[in-house]
Amino acid sequence: EGWNLIAYWLQGDADPENIFAPILNDVVQVKNLNGAFTPSFGFSNLGNMQMTQGYIVNMSAAKTLWYDSNSLLPRPIFDVPNINNDSKYFVKETIPNPNSATILILDDHNNPMNAGDEIGVFNSAGLLVGAFVYNNNVAGGLVFGNDDSNQIVDGLVDGEQYIFKWWNSVAQEEKLVEMEFEQGESSYLKDDLCVVRFPVKTNVGLNVFHDFEISVSPNPATNFVVFEIETQVESRMQVSIFSTSGKKVMQ
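Per the numbering used here: the sequence shown = residues 1307 to 1557.
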């Protein structure tokens, strides 16, 4: 139960789902310096497990991983993506180190991304600490904390807030987004498993019109709020904001 360090000894690459099959229901996460395998979310960018390589495994219950190397043949994943070079726009600036957390971005009806779009995760100094490509399913991977073995700050420090940016490959634009956390901490914690989603789009006002859409994020608001208005045709409009007491606060 909890985190464990293991080595893979089969002579040949293998899909982690096959290796952990007997205990898969209790596997929370498997990761190394390159990626993570989280079976409960159907996500993996770990690639094939490789002979003599070390992996850390987080278990929800104590189990014994056992396999007969004489009878279990390695079964690799074919067409494994190059997990270090998937991102074309957000290029990682951090060197992988054991200090990491995992972030998964849910693919639900609030997700506005197009296939090929990217999410970059930054620290407060603007350093890119993780980057993921969206391919019409759950996206994500590792974000790296500060490497304590050197003198410079080259990653997230404990308790530092995540900053998310979305690269829209169709519009060719970068946008700051504030994700909603479904699981895990909204600030960095080593070995955390964070599950985030795009904020819910909310129609506001007395009337809901069919020719334009208003979205508000974050909702509920924190120290700022962003209103986005999408129209079917280019037009000018006047927007007034009222408090819950009916007082106009902005126009």
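Don't be surprised by glycine CBs; every beta carbon is placed ideally from N, CA and C. It should be emphasised that the depicted structure is a prediction, and the values quoted were computed from it without experimental measurement.
**OP:** Can you grab the Cα-Cα spacing for the pair Tyr1468 / Val1435, in whole Å?
**Re:** Reading the sequence shown from its first residue, position 162 is the one you call residue 1468. Reading the sequence shown from its first residue, position 129 is the one you call residue 1435. Those two C-alpha atoms are separated by around 9 Å.
Original post:
Once you ignore the five residues that flank Ser1430 on each side, which residues in its own chain have a CB closer than 8 Å to its CB?
Top reply: In the sequence shown, counting from the first residue as 1, residue 1430 sits at position 124. Result list for Ser1430: Glu1466, Gln1467 and Ile1469, in chain order.
**OP:** Note the first and the last residue of the continuous alpha helix (DSSP H) segment covering Asn1645.
**Re:** Past the edges of the chain, shown from 1307 to 1557, lies residue 1645, and the structure says nothing about it.
**OP:** Identify every residue that forms a DSSP beta bridge with Ala1407.
**Re:** Along the sequence shown, one-based indexing puts residue 1407 at 101. According to DSSP, which records beta bridges pairwise, Ala1407 is partnered with Val1449.
**OP:** Mind checking which residues open and close the beta strand (DSSP E) that includes Leu1311?
**Re:** The count along the sequence shown starts at 1 and reaches residue 1311 at position 5. Leu1311 -> beta strand (DSSP E) spans Gly1308 to Ala1313.
**OP:** Output the distance between the C-alpha atoms of Phe1343 and Ser1546, rounded to the nearest integer angstrom.
**Re:** Taking the sequence shown and counting its residues from 1, the one referred to as residue 1343 is at position 37. Taking the sequence shown and counting its residues from 1, the one referred to as residue 1546 is at position 240. So the two alpha carbons sit approximately 47 Å from each other.
**OP:** Pull up the DSSP beta-bridge partners for Glu1474, would you.
**Re:** In the sequence shown, the residue the question calls residue 1474 occupies position 168. In the sequence under discussion, the amino acid at residue 1474 is Asn, which differs from the Glu named in the question. Looking at the DSSP assignment, Asn1474 forms a beta bridge with Glu1479.
Original post:
What number of angstroms, rounded off, separates the C-alpha of Gln1489 from the C-alpha of Leu1499?
Top reply: Residue numbering aside, residue 1489 sits at position 183 when the sequence shown is read from its first letter. Residue numbering aside, residue 1499 sits at position 193 when the sequence shown is read from its first letter. Answer to the nearest angstrom: the Cα atoms are 7 Å apart.
Subject >> Sequence-distant residues of the same chain with beta carbon closer than 6 Å to Phe1326, five excluded per side >> reply: For this step, residue 1326 is matched to residue 20 along the sequence shown. Only Val1333 meet the Cβ criterion.
Original post:
Nearest to Ala1445 by alpha carbon, out of Phe1347, Met1355, Asp1454 and Leu1462?
Top reply: Sequence index remark: in the sequence shown, residue 1445 carries index 139 (1-based). Comparing Cα-Cα distances from Ala1445 to each of Phe1347, Met1355, Asp1454 and Leu1462, the minimum goes to Phe1347.
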